[in-house]
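Report on the structure given below.
There are 2 protein chains.
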Amino acid sequence: MTITTPDTHKTTPRSGAIDQLAIDTIRFLAADMVEEANSGHAGMPMGAAPMAWTLFSRHLAHNPADSAWADRDRFVLSAGHGSALQYALLHLFGYGLPLSELRRFRQLGSATPGHPELGHTDGVETTTGPLGQGLATAVGMALGERMNAARYPEITGHHTYAIVGDGCLMEGVSHEAASLAGHLGLGRLIVLFDDNDITIDGPAGQSCSDDQLMRFAAYGWHVARVDDGTDVDAIDAALTAAKAAERPSFIAIRTVIGHGAPGIEGTSKAHGAPLGATVLRAAKKNAGWGDQRFVVPAEVRERCAELAMAGARQQAAWTRRYDTFEHASPVRCAEWVRAQDRELPEHLEEILDGIETGIDRATRQTSQAVLAAVAAQMPELIGGSADLAGSTGTVTGQDAVSALDFAGSVIHFGIREFAMAAVLNGLSLHGGFRPYGSTFLVFSDYLRPALRLSALMRQPVVYILTHDSVAVGEDGPTHQPVEHIESLRLIPGVRVFRPADDHETIAAWRAALRHTSGPSVLILSRQTLPSLESADGTEPDFLTSTGARVVRQAEQPDIDIIATGSEVHLAVEAAVALHARGLVTRVISAPWRERFAENSGVFGRAPVVMSVEAGTTLGWQGLTGTNAIGIDEFGASGPGDEVLAHFGMSADNIVRRAVAAANAHHSAPHDNDQHPTEGNS
Amino acid sequence: MTITTPDTHKTTPRSGAIDQLAIDTIRFLAADMVEEANSGHAGMPMGAAPMAWTLFSRHLAHNPADSAWADRDRFVLSAGHGSALQYALLHLFGYGLPLSELRRFRQLGSATPGHPELGHTDGVETTTGPLGQGLATAVGMALGERMNAARYPEITGHHTYAIVGDGCLMEGVSHEAASLAGHLGLGRLIVLFDDNDITIDGPAGQSCSDDQLMRFAAYGWHVARVDDGTDVDAIDAALTAAKAAERPSFIAIRTVIGHGAPGIEGTSKAHGAPLGATVLRAAKKNAGWGDQRFVVPAEVRERCAELAMAGARQQAAWTRRYDTFEHASPVRCAEWVRAQDRELPEHLEEILDGIETGIDRATRQTSQAVLAAVAAQMPELIGGSADLAGSTGTVTGQDAVSALDFAGSVIHFGIREFAMAAVLNGLSLHGGFRPYGSTFLVFSDYLRPALRLSALMRQPVVYILTHDSVAVGEDGPTHQPVEHIESLRLIPGVRVFRPADDHETIAAWRAALRHTSGPSVLILSRQTLPSLESADGTEPDFLTSTGARVVRQAEQPDIDIIATGSEVHLAVEAAVALHARGLVTRVISAPWRERFAENSGVFGRAPVVMSVEAGTTLGWQGLTGTNAIGIDEFGASGPGDEVLAHFGMSADNIVRRAVAAANAHHSAPHDNDQHPTEGNS
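Residue numbers (the numbering used here), protein chains in the order written: chain A, 106 to 786; chain B, 106 to 786.
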């Protein structure tokens, strides 16, 4: 092989010539992409190209021909704005990403969106861009590897690599995730810090003085520094040492943002804009590069093809191990396959049907009964709580994982809601698991950015959010959700279930487990709720079919009350009182309100329609106008039943409002009898 | 003074007898409160009583007779679940908190809610409970002290103390806040870590292995350890050393949760429940305490009264300095008073009126013009960005603060959205400042928990949230808000303004600056928007009066289009096209939708009413039913105008939807002509 060494470039002596050529190819592919799009981030790829190339060419076990290989090493570009770096690598190594897509960088419908997006680009393991989350998701993947290795050691053993920037490390979620990784001793997690000392607003030193190595050492990580981020051999040696360490590894690699771009390298000007034709031309000239765009030297293409072949051989070796495993342990192997395919255990329906119903208890308690029963039969159902296991009902009777033993199914996430959710995403993305996590509903705010990514990535993570209203009581407004149920419904692709009793809680779990292409949220009560029989012979699948069921039937009702969760039994109580006053009232429980809204025609509609939910009314107004009973202010500290009554969450208040609405309706006979959302359509 | 030393208690020799008596008083007051309420957290107060007592009796400069003394030391109980500890102290030192209120712990309407709440209890500096935020808010207070000291050194010089628990330190926001405090060298911030090694779910070591001292050292803090958390003199010495340090201080104090409660001390059983009558009786017996509840020995009351008098003398000394200052520098003093009182500068209206209008530009750019003009005349208007100063338009021309100089008005928050918001709360609570912060709208998710506390505490923090729709373009769905505008509107007490042009942006800033009892959110565009004249001779105050203005008037309109922000000019364009088709169309810009919804009657209502906003439609359905045009799915990466058109944010699509709605209306003559929210009322 003939290597064309660029003659004018200050080559790093210790790097081989092919390495330098490949690195320059990556740099200029990335810079060309940004220039072509006239949008994007060229500086990060130019600085981080050597570490990324070293990783991909000397360490990463991957097979570009099969990006779904279960035991591949995972690579996460946590500094997702550097997407052009990842696209250049994926193209060079022969993933399904042609040069034509690199030319369409950041265009609508391209395989090269502005930030890496799962499902858009072959080889992208997770959506990144919201800073810090890539790192936390990588922790989840690394945990997934260890948990899978404990179950299937014959066919599991890979690394998880992440490249992070200053932004990732300043974000709080990096603390939560790194602390958890250190605690669990995730030795196969290796984080490369693109230490370029630049943020969008200027030198990183303008806002941060952390000693990152000391910080990660405090988390129990193996730490190392590479002073010259262009020194491929030094990076290589640091990676080799990191793989040998039994703890997670953090390697700070000093780089220059916009490396080689005259006049702007090493400054924040190189961060978030194209280099511009003049600078790019000068950078290419200095590197002995031609003026054309999207150049890939034949030697680089050849080298990458060799490396891809080596990756294919690695997978082939793994496949032989897999075949042996399948032959030796067909039952365990079938279990592994089932979990990988997100197929439910055959006996799931039996398990769910076997859970005792007709019991008055908190929906969090029914949820715990479901979780305990299912977890015992569904080893891929794993998860835990952000230090509220007892309160949220996630004590399943299964063992917890620890640094010494990953065979358990329970994860003590600690008081780290955000990292919990990102780790759940990582576990789900790793494959082989159906993860769940839990906290109080009010603290869903803390994990919201990761829940959004669950939805964007369509990962079937189950969120168990309990203590779902002001009924929390004494802990007061900081612990009482008001706006949270509605705010979760707003996130596209999130299924929000708020069951009213034990029947509906089981139905919600059934729906959540069957839903494999997006997150489900279970909104559960702290307080005991009565078990309510369906009045309409509802099928177990009512939740996914219509989202609702009639819990108090009425012929030609004067009033419909739609309620959710802990307010349904109040509505039933109110309906009985209204009946005594001559107002025929039907009660519909709508645990999945969005599905009900789409299907409300199935139920018909009484002249007066009201809703009751112990939270903000804004999202109900399309269904029930001003007849939405709820709580549009912050809660208060006091015994739960007193607080509920104080905020109008009582049968008495529902009766009062219903009578007023019925009177208003009768006094305005030409008023709207229509479904408001059908009003002007 | 006669000291009754409890004879059976294992007294710590180095603690004076009065100290021990006071500590036991605090412990049992707290335990009695929890017992009486049958709800709450007794373990934390029992373990942390010695450090709290040492702080209050030997270091805290405060005057219980005047909790509003501007130069008082601030005390933040970040581990807010230990509220009983704070209430016991406030009672003993003579704040306006009688024993009768301690007996009403956690009752509706009491001054002793479950977690400390600003405004409910004299002497409580901030609402705590959501873990980690107390620490971050304390950082803001400590920063406020430094910034105030740079402006008014004659009358400023106090410390900020916080007690934090394991939970606070595991939360990501603790990282962001501690890193920022270290960077800024906030030497008057002293954090006491109640190192009791217990979390709700069990031993802290179950989920965390951080070396906290090394971690805080990595942030540049002074760190120290006290091995015996009952050793008052050791705690005292550590506090003295911390005050001498020029860096923020972190003191880890080893304690025993539920100290002295037989059988449960040192376990998670002591965390979140009453001790129970038996255990409490035994604990009291061991301490030589009587069986009665709410006992305060006379010696303790006397000692606290002496200490309170000493605090009053400290304030008196400060008042003399203040008088000197007032005499020597009446103008500066008047400025200080004005800022303390949150009064606006006299010339604010002139400044706002002087900003050039009629310019087509991004609303973020108009906002920058406002900010630059106002900041130059309103020194208490301080703030900055989470590393997006240029993008969000918060470059004001003022200097930035640094560890070396706090005279500036700009804060480089770094990539720390959550801590930024909590620090803004702290700055506002400190007094003397009107703080603002900025980031992209999509990342409001990262700071949401602190924005909620801004609202709960009614702090006039201004949030500048830009890049407010899919028009963000190439950065793709991770950077494109969809659900965010509506989700912010859901939080009680948050004013969400989405101006359509330069006039409305100035109006939004005017409204935000005038609003002194709650947060305001400015939702601003990345892209250029045309300046739109009002069609109805709207007053500058339209935003706070009706929340909306008519930008295209029409006599007896067939259609009303209500729009916000960047969609208003599209609505105007559509109205022109509709007019050409014979459909008379009025366009209302509603930058404050909630205020408009309350006042929509002022505007009357066309037979067909539509809305346009580039975000989720759920919150609009109460106003416009199915005629809400918006985006109920995640965005996509591509040039902004293409992405907008792809998701139907175009005049053409509005015309198409309007024609369809008008046709549907005519074919259903008996259909609803009413305002849907008035439907059944």
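For glycine and all other residues, C-beta sits at the position ideal for the given N, C-alpha and C.
Item	Value
Quick check: what's the CA-CA separation for aspartate 641 of chain B versus leucine 723 of chain A?	29 Å
Taking threonine 669 of chain B as the query, report the chain A residues whose CB atoms sit under 8 Å from its CB, ordered along the chain.	What threonine 669 of chain B touches in chain A: nothing, since even the nearest Cβ is about 15 Å away.
Can you list the residues of chain A that tyrosine 551 of chain B reaches, using a CB-CB cut of under 7 Å?	Pro554
To the nearest angstrom, report how far apart arginine 469 of chain A and glutamine 632 of chain A are at their CA atoms.	8 Å
Less than 8 Å between the C-beta atoms of leucine 449 of chain A and threonine 232 of chain A, yes or no?	no
May I ask which residues mark the beginning and end of the alpha helix (DSSP H) holding arginine 177 of chain B?	Per DSSP, arginine 177 of chain B belongs to no alpha helix (DSSP H) and is neither H nor E.
Run the CB neighbour count on threonine 110 of chain B, radius 10 Å, all protein chains shown included, and call it buried at 16 or more, exposed below.	A caution first: threonine 110 of chain B carries a pLDDT of 42, below 50, which makes its placement in the model unreliable, though a value can still be read off. Threonine 110 of chain B should be labelled exposed.
Any chance you could list the alpha helix (DSSP H) runs of at least 4 consecutive residues sitting entirely within the stretch 666-735 of chain A, in chain order?	673-685, 698-704, 726-729
Who are alanine 357 of chain A's beta bridge partners in DSSP?	A/Phe298, A/Arg330
Along chain A, in chain order, which residues have C-beta atoms closer than 7 Å to that of serine 789 of chain B?	The question about residue 789 of chain B has no answer, for chain B in this structure spans 106 to 786.
With distances taken Cα to Cα, identify the nearest neighbour of proline 662 of chain A among A/Ala415, A/Pro379, A/Val689, A/His674.	A/Val689
DSSP three-state call for proline 662 of chain A: helix, strand or coil?	coil
To the nearest angstrom, report how far apart histidine 96 of chain A and leucine 570 of chain A are at their CA atoms.	Lying before the first or after the last residue shown, residue 96 of chain A is absent from chain A, which here runs from 106 to 786.
Tell me the rounded alpha-carbon separation between glycine 121 of chain B and alanine 329 of chain B.	23 Å
Quick one: residues in its chain with C-beta nearer than 7 Å to the C-beta of aspartate 112 of chain A, no 5 flanking neighbours on either side, listed in chain order?	Bear in mind that the predicted position of aspartate 112 of chain A carries a pLDDT of just 42, short of 50, making it too unreliable to give a figure here.
Since I believe alanine 323 of chain B is in contact with arginine 521 of chain A (beta carbons under 8 Å), could you give me their beta-carbon distance rounded to a whole number of angstroms?	Going by Cβ atoms, the distance from arginine 521 of chain A to alanine 323 of chain B rounds to 19 Å, so no, they are not a contact pair.
What do you reckon, are the CB atoms on methionine 151 of chain B and alanine 136 of chain B nearer than 8 Å?	yes
Is histidine 280 of chain B close to chain A? Criterion is C-beta to C-beta, closer than 8 Å.	yes
Using a Cβ-Cβ cutoff of less than 7 Å, which residues in the same chain neighbour alanine 216 of chain A once the five nearest sequence positions on both sides are dropped?	Leu202, Glu206, His225, Thr226
Tell me, which residues are paired with asparagine 305 of chain A by DSSP?	Position check: residue 305 of chain A holds isoleucine in this sequence, whereas asparagine was assumed. According to DSSP, isoleucine 305 of chain A bridges with nothing at all.
Identify whether tyrosine 551 of chain B lies in helix, strand or coil by the three-state DSSP scheme.	helix
For a contact meaning CB atoms closer than 8 Å, what does leucine 195 of chain A contact in chain B?	Ordered by position in chain B, no residue passes the 8 Å Cβ test against leucine 195 of chain A, which lies about 16 Å from the chain.
Which whole-angstrom value describes the C-beta separation of tyrosine 200 of chain B and serine 172 of chain B, a residue pair presumed to lie in contact below a C-beta threshold of 8 Å?	6 Å
Below 8 Å on the Cβ atoms is my contact criterion, and I expect serine 716 of chain B with isoleucine 736 of chain B to pass it. Report the Cβ-Cβ distance as a whole number of Å.	Going by Cβ atoms, the distance from serine 716 of chain B to isoleucine 736 of chain B rounds to 12 Å, so no, they are not a contact pair.
Could you tell me whether the stretch 293-306 of chain B touches the stretch 304-311 of chain A, where touching means 3 or more Cβ pairs closer than 8 Å?	no
For the stretch 484-518 of chain A, which segments carrying the beta strand (DSSP E) assignment without a break, of at least 3 residues, lie completely within its bounds, in sequence order?	486-490, 515-517
Please classify valine 655 of chain A: does DSSP put it in a helix, a strand, or coil?	strand
So the alpha helix (DSSP H) phenylalanine 133 of chain A belongs to, where does it begin and stop?	122-142
Which residues does DSSP pair with serine 559 of chain A in a beta bridge?	DSSP output for serine 559 of chain A lists no bridge partner at all.
Below 7 Å between beta carbons is the criterion; list the residues of the stretch 320-335 of chain B that meet it against any residue of chain A, in chain order.	Arg320, Ala322, Ala323, Tyr324, Gly325
By the DSSP assignment, the beta strand (DSSP E) with valine 626 of chain B in it spans what residues?	625-628
Please list the partners that valine 748 of chain A has in chain B, where partner means a Cβ-to-Cβ separation under 8 Å.	Leu213
Opposite alanine 467 of chain A in the DSSP bridges: which residues?	A/Thr633
To be precise: take each residue of the stretch 721-737 of chain A, compare its Cβ to all Cβ atoms of chain B, and keep it if any distance is under 9 Å. Which residues remain?	Thr721, Thr722, Leu723, Gly724, Trp725, Gln726, Gly727, Leu728, Thr729, Gly730, Thr731, Asn732, Ala733, Ile736, Asp737
Compile a chain-ordered list of the residues in the stretch 295-315 of chain B whose CB is closer than 7 Å to at least one CB of chain A.	Thr304, Ile305, Asp306, Gln311, Ser312, Cys313, Ser314, Asp315
Residues of chain B with CB under 7 Å from leucine 595 of chain A, in chain order?	Glu588, Glu591, Ser592, Thr721, Leu723
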